[in-house]
Amino acid sequence: GENVEQHPSTLSVQEGDSAVIKCTYSDSASNYFPWYKQELGKRPQLIIDIRSNVGEKKDQRIAVTLNKTAKHFSLHITETQPEDSAVYFCAARNSGYSTLTFGKGTMLLVSP
Amino acid sequence: EAGVAQSPRYKIIEKRQSVAFWCNPISGHATLYWYQQILGQGPKLLIQFQNNGVVDDSQLPKDRFSAERLKGVDSTLKIQPAKLEDSAVYLCASSSGRGLTEAFFGQGTRLTVV
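Those protein sequences? They're chains A and B, same order as listed.
Our numbering applies: residue 1 is where the first sequence begins, and numbers increase by one.
Our numbering applies: residue 1 is where the second sequence begins, and numbers increase by one.
Set out below in structure tokens:
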């Protein structure tokens, strides 16, 4: 089955800095890569996703890049704000019916 | 649209007792997932349903966990008997199952086994 590795496990940045979280996956058939944000005590919520037919996707301060050859994808947050502080999870799956496998998460702390 | 509903929100039980969780997915969503999230870790899939059939239950501890999705809508997850290490948040999620689409999560049930 799919295995998703995520790094780093914690990331501390100053407000206004950029943050990058990286994930690798094992199943070359995977073609859908969502990123979820989970605030303390709340449900995971999708913030951005990318499909394998594109290499990059951007939504305001958030961008995701995908390298299918190397089987890794990354989340980039620019101009970080304290409200970006949360745990971020990457995930991967290879079809609409297949399992969605998550990484272990990255705790992002943005200091004012 | 209404989100994924789960109940109860919190449950405290003693070890060796049984417990059941309920999930109502978003209307029309064919795929339903149950995840276990231990504090500080990512969600771990327990079981995935496609309508009322099981797609993946390879990580479900079948000696104590069971799940069903009768009629392909609501689902229940049961633990019997519970162990201390079952303390976690149990998240239900659903997706349309058509193409590569978002999975929506419920608020989860926080289980504490004492």
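Even glycine gets a Cβ: it sits at the ideal position worked out from N, Cα and C.
Please read all numbers here as calculations on a predicted model, not as lab measurements.
| Check | Outcome |
| --- | --- |
| C-alpha distance - A113 (chain A) paired with A2 (chain B), whole-angstrom precision | Within the shown structure, residues of chain A are numbered from 1 to 112, placing residue 113 (chain A) beyond reach of any answer. |
| F73 (chain A) at chain B interface by Cβ criterion, 8 Å | no |
| Among A:E39, A:E56, A:G105 and A:E79, the one whose alpha carbon lies nearest that of Y32 (chain A) | A:E56 |
| Boundaries of the beta strand (DSSP E) in which A103 (chain B) is found, first to last residue | Premise fails: A103 (chain B) is in no beta strand (DSSP E) and is neither H nor E. |
| Start and end residues, beta strand (DSSP E) containing I48 (chain A) | Q45 to R51 |
| Ordered list of beta strand (DSSP E) runs contained in the segment 10-75 of chain B, each at least 3 residues | 10-13, 19-24, 31-37, 44-50, 53-56 and 65-68 |
| C-beta atoms of Y36 (chain A) and F89 (chain A) nearer than 8 Å | yes |
| Three-state secondary structure assigned by DSSP to E79 (chain A) | coil |
| Bridge-paired residues (DSSP) for V109 (chain A) | A small correction: the amino acid at residue 109 (chain A) is Leu; Val does not occupy that position in the sequence shown. DSSP output for L109 (chain A) lists A:S12 as bridge partner(s). |
| Coarse secondary structure for E39 (chain A), derived from DSSP in three states | coil |
| Spatial neighbours of Q81 (chain A) in its chain, beta-carbon cut-off 7 Å, leaving aside the 5 residues before and after | E15 and V110 |
| P69 (chain A) burial status per 10 Å Cβ neighbour count (16 or more: buried) | Checking the sequence shown, residue 69 (chain A) turns out to be Thr, not Pro. T69 (chain A) should be labelled exposed. |
| Alpha carbon of K44 (chain B) to alpha carbon of Q59 (chain B), nearest angstrom | 8 Å |
| Between the CA atoms of V73 (chain B) and F65 (chain B) - distance to the nearest angstrom | 19 Å |
| Residue-chain proximity (K37 (chain A), chain B), Cβ-Cβ < 8 Å | no |
| Three-state secondary structure assigned by DSSP to D27 (chain A) | coil |
| Identity of the residue in B:S75, B:G97, B:S96 and B:T101 nearest Y90 (chain B) by Cα | B:S75 |
| Counted within 10 angstroms of its Cβ, other Cβ atoms place H77 (chain A) as buried (16 or more) or exposed | A small fix is needed here, since residue 77 (chain A) is Ile in this sequence, not His. Under this definition I77 (chain A) is a buried residue. |
| First through last residue of the beta strand (DSSP E) which encompasses S6 (chain A) | Looking at the sequence shown, residue 6 (chain A) is not Ser but Gln. V4 to H7 is the extent of the beta strand (DSSP E) around Q6 (chain A). |
| Contacts of Y32 (chain A) in chain B (Cβ-Cβ under 7 Å) | L100 |
| Members of the segment 41-70 of chain B that neighbour chain A once the beta carbon cut-off is set at 8 Å | Q41, G42, P43, K44, L45, Q48, Q50, V55, D56 and S58 |
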